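**Q** So the number in my numbering is just where the residue sits in the sequence shown, counting from 1, plus 8. We treat Cβ as the ideally placed atom computed from N, Cα and C, and that holds for glycine. These numbers come from a predicted model, not from an experiment.
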Amino acid sequence: MELVADILGGNNMMLLEKTKKLPPDVNIEAVFACNELDLKEVNVYGFDYDYTLACYKPSMDYLLYNLGRDTLVKKLKYPDSISKLDYRPGFAVRGLHYDIEKGLLLKIDSFLQIQLGSVYRGLSPVPNEEVLRLYRNKTIPIDYVESHGRHQPAFVKLKMIQLADLFSVPEMGLLCNVAEYFEKNHIEYHPEILFRDVKKSVQSSHSIMHNIVENNVTDYLEQNSTIQTYFEGLIKAGKKLFLVTNSPFRFVNIGMELLLGEEWINFFDVVIVQARKPRFFTDESRPFRVYDPVSKRQLWDHVTKLEKGKIYYEGTVKQLQDMTGWNGQQVLYFGDHPYSDLADVTLEHGWRTGAIITELTHEIETLNNSTFKFDCNWLQMLTQLIEDHQSATRPEDVTVLGEWMKERDELRQRTKCVFNEQFGSVFRTYHNPTYFSRRLFRFADIYTSNLTNLLKYSVNHTFYPRRVAVEQKDVPATLVVVKQKDVSATLVAVERKEVPATLVAVERKEVPA
């Protein structure tokens with residue numbers, strides 16, 4: 009067979025040999041750069057609280073789910089049988105979109121393309137044919153996806169919503185469970201009404217969740233003694249620290265006492281609670297108020313300066329900057345939400361930003377697995393063979409190509425499912441970065457799995473984004489972007505001498521970091 013003989017030739021045998029050589033492991037505690045960041049220029053460090061300083065145990069997901077479910081049944085009079093629907097951990101991942109009009113949970117990439125095989129109604133996958141019939145195309149119009157955009161007029165109807173933070177994962181789990189219950193029991197429902205009821209039920213349960221966590225903090229919050237070490241190092245280096253969170257003081261206080269001790273407030277130069285982000289970053293006229301932890305109320309005094317040791321309520325970033333002089337690139341702010349925490353401060357105020365993405369731990373552990381590495385190496389080689397021989401016309405060759413295509417599809421599915429059986433990697437689709445990762449890398453200068461990973465770097469360290477030599481020109485990268493033709497991968501470590509061991513995304517097109 010000519011094609012097989014050609015494959016066994018010199019160049020292709022070299023490809024076969026390369027599949028045996030696996031790339032080095034990625035450091036699970038590394039800090040990755042999307043944009044060059046010189047810490048010597050940073051004088052002020054700001055922090056969100058939830059999932060940035062406070063990292064929660066899986067029990068938090070169960071708690072939010074159960075509270076939301078019980079609210080649906082007891083207050084909104086949903087069927088009693090729904091109270092028996094248990095939380096399914098690992099069903100959804102962050103970054104997915106929920107189509108409010110169609111009642112579908114789906115994964116889309118940075119080019120607004122649907123990843124077929126990752127579209128669900130309730131807990132059931134939607135056949136590809138039905139997906140294409142509903143959307144008429146694999147690519148969704150940007151106005152449909154981004155009807156929730158921050159600059160959209162108020163009259164624009166919300167069509168899709170993204171699971172941009174970790175609190176939304178149990179909420180989406182509840183939504184899918186209830187939708188599945190309705191589908192299986194042939195109960196008619198309006199997807200938008202169900203969405204709004206679930207969202208309202210979960211959000212209205214947050215005050216109950218706060219009380220439960222306050223009374224059982226160690227059941228829900230991960231202890232991390234190294235945060236104190238990190239803060240002490242920043243203060244010793246003369247850096248200013250501030251906290252801006254949407255959570256109420258009592259909830260923050262009990263968690264911070266666990267992490268930093270009873271005198272935790274002394275670590276910060278400014279503490280702001282119930283900030284109402286993202287409005288904190290966009291409003292201009294909402295005044296700061298002093299919160300009195302003794303009387304547990306907000307005072308009426310006019311705030312003209314921000315003092316260390318006091319607790320402030322609401323306010324705006326404009327007033328924060330005016331009262332402190334903390335402006336522009338001297339400020340580095342850490343959060344977990346690409347939009348509420350990072351987008352406005354970097355786009356409108358020029359702050360530097362750091363994203364805390366706890367899912368990186370699971371993603372890198374998976375990427376470092378030797379079986380996964382081999383599968384990805386073989387997938388790349390197989391794709392290269394298909395590309396090189398796609399014009400073959402002999403019947404025997406066409407048969408071999410068909411077998412390769414089938415094996416390639418099986419490999420793509422396998423490398424997807426090791427991250428999450430339903431939706432795959434948070435960062436990758438079959439071909440491209442996800443919508444979530446594209447936005448994250450646009451708004452974050454650096455990102456890591458845990459804030460205290462920065463302990464390994466001095467306060468004078470400069471983070472550099474990696475660049476890789478490609479066929480035509482260098483493409484700046486975050487999870488280093490490599491230009492190849494139709495090389496499918498999830499998160500792939502590519503073995504190149506000029507690229508240090510890091511996360512590498514394989515990309516078909518040029519993608520700005």
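#1: Mind checking who Phe55 pairs with in its DSSP beta bridge?
#2: Residues in its own chain within less than 7 Å of Arg416 by CB, not counting five upstream and five downstream?
#3: For Arg402 and Phe435, what's the separation of their Cα atoms in angstroms?
#4: In angstroms, rounded to a whole number, what distance separates the CA positions of Val153 and Gln121?
#5: Please tell me whether Leu86 and Leu93 are closer than 7 Å, where the distance is taken between their beta carbons.
#6: Reducing DSSP to helix, strand and coil, say where Glu109 ends up.
#7: Is it true that the CB of Tyr197 sits closer than 7 Å to the CB of Phe203?
#8: Considering only C-alpha positions, which residue in the set Gly336, Cys184 and Asn376 is nearest to Glu37?
#9: Between the alpha carbons of Val214 and Phe257, how many angstroms are there, rounded?
#10: Give the C-beta separation of Gly103 and Phe444 to the nearest angstrom, bearing in mind that I take them to be a contact with Cβ-Cβ under 8 Å.
#11: Using the Cα positions of Glu404 and Leu113, report the straight-line distance between them to the nearest angstrom.
#12: Grouping DSSP H, G and I as helix and E and B as strand, with all else coil, what is Phe276?
#13: For His194, does the count of other Cβ atoms within 10 angstroms reach 16, so buried, or fall short, so exposed?
#14: Comparing C-alpha positions only, which one of Leu84, Lys167, His357 and Ile220 sits nearest to Phe451?
#15: Let's test the definition: count the other Cβ atoms within 10 Å of the Cβ of Asn254 and tell me whether it reaches 16, buried, or not, exposed.
#16: I need the straight-line Cα distance from Pro473 to Thr366, nearest angstrom please.
#17: With distances taken Cα to Cα, identify the nearest neighbour of Ser348 among Glu240, Leu171, Lys82 and Asn185.
#18: Got a sec? Which residues, its chain only, sit under 6 Å from Gln236 by beta carbon, not counting five neighbours each side?
#19: Taking 8 Å as the limit between beta carbons, can you name the residues of its chain near Val177, skipping five residues before and five after?
#20: Closest to Trp308 by C-alpha separation, out of Pro295, Gly317, Lys316 and Val302, would be which residue?
#21: Within the same chain, show all residues whose beta-carbon is closer than 6 Å to that of Trp334, passing over the 5 residues directly before and after it, in chain order.
#22: Taking Gln123 as the reference, which of Thr442, Asn461 and Tyr465 has the closest Cα?
#23: Since Leu47 contacts Thr470 with CB under 8 Å, what's their CB separation in whole angstroms?
#24: Over what stretch of residues does the beta strand (DSSP E) that includes Leu314 continue unbroken?
#25: Could you tell me the distance, in whole angstroms, from the CA atom of Leu142 to the CA atom of Val34?
#26: Going by DSSP, name the residue or residues bridged to Glu6.
#27: Check whether the Cβ atoms of Val206 and Phe289 lie closer than 7 Å to each other.
#28: Pick from Phe40, His370 and Thr60: whose alpha carbon is nearest that of Asn458?
#29: Could you tell me whether the Cβ atoms of Ile262 and Val302 are closer together than 7 Å?
#30: Would you mind sorting Asp570 into buried or exposed? The rule is 16 or more other CB atoms within 10 Å of its CB.
#31: What residues in its chain sit with their C-beta under 7 Å from that of Lys313, if we drop five residues either side in the sequence?
#32: How big is the Cα-Cα spacing for Val467 and Leu419?
#33: Under 7 Å, do Phe342 and Ile364 count as touching if we go by C-beta distance?
#34: Using only CA atoms, which one of Phe55, Arg96 and Leu75 lies nearest to Glu429?
#35: Rounded to whole angstroms, how far is the Cβ of Lys115 from the Cβ of Phe431, which I believe are closer than 8 Å?
#36: Among Phe119, Leu140 and Gly111, which has the Cα closest to the Cα of Leu131?
**A** Reading it off the structure:
#1: Locating residue 55 in the sequence shown gives position 47, where the first residue counts as 1. Answer by DSSP bridge pairing, in chain order: Leu251 and Phe342.
#2: Here residue 416 is taken as the residue at index 408 of the sequence shown, counted from 1. For Arg416, where only same-chain residues beyond five positions count, the Cβ hits under 7 Å are Leu387, Leu390, Thr391 and Ile394.
#3: By one-based count along the sequence shown, residue 402 stands at place 394. By one-based count along the sequence shown, residue 435 stands at place 427. Approximately 39 Å, taken between the alpha carbons.
#4: Here residue 153 is taken as the residue at index 145 of the sequence shown, counted from 1. Here residue 121 is taken as the residue at index 113 of the sequence shown, counted from 1. Each residue's Cα considered, the two are about 11 Å apart.
#5: The residue labelled residue 86 in the question sits at position 78 within the sequence shown. The residue labelled residue 93 in the question sits at position 85 within the sequence shown. The amino acid occupying residue 86 in the given sequence is Tyr; Leu does not appear at that position. No, the pair does not count as a contact, with Cβ atoms beyond the cut-off.
#6: The residue you call residue 109 lines up with position 101 of the sequence shown. DSSP, read as helix, strand or coil, puts Glu109 in coil.
#7: As a first step, residue 203 must be located in the sequence shown, where it is residue number 195. As a first step, residue 197 must be located in the sequence shown, where it is residue number 189. No, Cβ-Cβ distance for Phe203 and Tyr197 is not below 7 Å.
#8: One-based indexing of the sequence shown puts residue 37 at position 29. Among Gly336, Cys184 and Asn376, the Cα nearest to that of Glu37 belongs to Asn376.
#9: Translated into the one-based positions of the sequence shown, residue 214 becomes position 206. Translated into the one-based positions of the sequence shown, residue 257 becomes position 249. This sequence places His at residue 214; Val is not what is there. Each residue's CA atom was taken as its position, placing His214 and Phe257 some 14 Å apart.
#10: The residue given as residue 103 occupies position 95 in the sequence shown. The residue given as residue 444 occupies position 436 in the sequence shown. Confirmed, Cβ separation roughly 3 Å.
#11: Taking the sequence shown and counting its residues from 1, the one referred to as residue 404 is at position 396. Taking the sequence shown and counting its residues from 1, the one referred to as residue 113 is at position 105. Roughly 42 Å between the two C-alpha positions.
#12: As a first step, residue 276 is located in the sequence shown; it is residue number 268 there, counting from the start. Coil at Phe276, not helix or strand.
#13: Taking the sequence shown and counting its residues from 1, one reaches residue 194 at position 186. Residue environment: His194 is assigned as exposed (fewer than 16 neighbouring CB atoms within 10 Å of its CB, all protein chains considered).
#14: Translated into positions along the sequence shown, residue 451 becomes position 443. Among Leu84, Lys167, His357 and Ile220, the Cα nearest to that of Phe451 belongs to His357.
#15: The residue labelled residue 254 in the question sits at position 246 within the sequence shown. Asn254 should be labelled buried.
#16: For the purposes of this step, residue 473 is taken as residue 465 along the sequence shown, with counting starting at 1. For the purposes of this step, residue 366 is taken as residue 358 along the sequence shown, with counting starting at 1. Taking the straight line joining both Cα atoms gives about 20 Å.
#17: Counted from its first residue, the sequence shown places residue 348 at position 340. For the residues Glu240, Leu171, Lys82 and Asn185, the minimum Cα distance to Ser348 belongs to Leu171.
#18: Here residue 236 corresponds to residue number 228 of the sequence shown, with the count starting at 1. Taking C-beta separations shorter than 6 Å and ignoring five residues to either side along the sequence, the partners of Gln236 in its chain run Leu268, following chain order.
#19: Along the sequence shown, read from residue 1 onward, the residue named residue 177 stands at position 169. Asp69, Ala100, Val101, Arg102 and Leu171.
#20: Within the sequence shown, the letter at position 300 stands for residue 308. Checking every option, the nearest Cα to that of Trp308 belongs to Pro295.
#21: Taking the sequence shown and counting its residues from 1, one reaches residue 334 at position 326. Val52.
#22: Here residue 123 refers to the residue found at position 115 when the sequence shown is read from its first residue. From the listed residues Thr442, Asn461 and Tyr465, the smallest Cα separation to Gln123 is found for Thr442.
#23: In the sequence shown, counting from the first residue as 1, residue 47 sits at position 39. In the sequence shown, counting from the first residue as 1, residue 470 sits at position 462. Going by Cβ atoms, the distance from Leu47 to Thr470 rounds to 7 Å, so yes, they are a contact pair.
#24: As a position in the sequence shown, residue 314 is number 306, starting the count at 1. For Leu314, there is no enclosing beta strand (DSSP E), as DSSP marks it with neither H nor E.
#25: Here residue 142 refers to the residue found at position 134 when the sequence shown is read from its first residue. Here residue 34 refers to the residue found at position 26 when the sequence shown is read from its first residue. So the two alpha carbons sit approximately 40 Å from each other.
#26: Nothing about residue 6 can be read from this structure; the chain reaches only from 9 to 521.
#27: The sequence position of residue 206 within the sequence shown is 198, counting from 1. The sequence position of residue 289 within the sequence shown is 281, counting from 1. Phe289 sits away from Val206, with the two beta carbons spaced by 7 Å or more.
#28: Here residue 458 is taken as the residue at index 450 of the sequence shown, counted from 1. In this structure, Thr60 is the residue among Phe40, His370 and Thr60 with its C-alpha nearest to the C-alpha of Asn458.
#29: Locating residue 262 in the sequence shown gives position 254, where the first residue counts as 1. Locating residue 302 in the sequence shown gives position 294, where the first residue counts as 1. Taking 7 Å as the Cβ cut-off, Ile262 and Val302 do not qualify as a contacting pair.
#30: Not covered by the structure: residue 570. The range shown for the chain is 9 to 521.
#31: Taking the sequence shown and counting its residues from 1, one reaches residue 313 at position 305. The residues are Met331.
#32: Along the sequence shown, one-based indexing puts residue 467 at 459. Along the sequence shown, one-based indexing puts residue 419 at 411. The alpha-carbon of Val467 is positioned some 43 Å away from that of Leu419.
#33: Along the sequence shown, one-based indexing puts residue 342 at 334. Along the sequence shown, one-based indexing puts residue 364 at 356. Between Phe342 and Ile364, the CB-CB gap stays under 7 Å.
#34: Here residue 429 refers to the residue found at position 421 when the sequence shown is read from its first residue. Ranked by Cα distance from Glu429, the first of Phe55, Arg96 and Leu75 is Arg96.
#35: By 1-based counting over the sequence shown, the position of residue 115 is 107. By 1-based counting over the sequence shown, the position of residue 431 is 423. The C-beta separation of Lys115 from Phe431 comes to about 5 Å, placing the pair in contact by the 8 Å criterion.
#36: For the purposes of this step, residue 131 is identified with residue 123 of the sequence shown, where counting begins at 1. Of Phe119, Leu140 and Gly111, the smallest CA-CA separation from Leu131 is found for Gly111.
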